[in-house]
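Residue numbers (the numbering used here): 11 to 88.
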């Protein structure tokens, strides 16, 4: 039981870390990251909100992919 909890905790940490650069790449693909030096305050707030949304989607996506891979391994071994 402890091994399973430790493994899930490590996957949680890995997902938290991986979601950050993926969200940054998402904003970079939209040409929002460092496009201009002079953003208005409302544009800065929008970019921050968009980053948080992208981070959440990437977090869910990475963890979902991990669950799918684990399910495929379980089906293949059984």
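Even for Gly, the Cβ is constructed at its ideal location relative to N, Cα and C.
Close beta carbons around residue i, own chain, < 6 Å, minus the five adjacent residues each side
| i | result |
| --- | --- |
| residue 32 | 68 |
Same chain only: Cβ atoms within 7 Å of residue i, ignoring 5 sequence neighbours per side
| i | result |
| --- | --- |
| residue 21 | 76 |
| residue 81 | none |
Residues of its chain near residue i, where Cβ-Cβ distance is below 8 Å and the 5 sequence neighbours each way are ignored
| i | result |
| --- | --- |
| residue 61 | 33, 34, 37 |
8 Å contact criterion, which residue i and residue j should meet: CB distance rounded
| i | j | result |
| --- | --- | --- |
| residue 65 | residue 29 | 5 Å |
| residue 42 | residue 57 | 6 Å |
I'd like to know if the region 72 to 85 and the region 23 to 39 are in contact, where contact means that at least 3 CB-CB pairs between them fall below 8 Å. yes
Quick one: complete beta strand (DSSP E) runs, 3+ long, within the region 26 to 57? none
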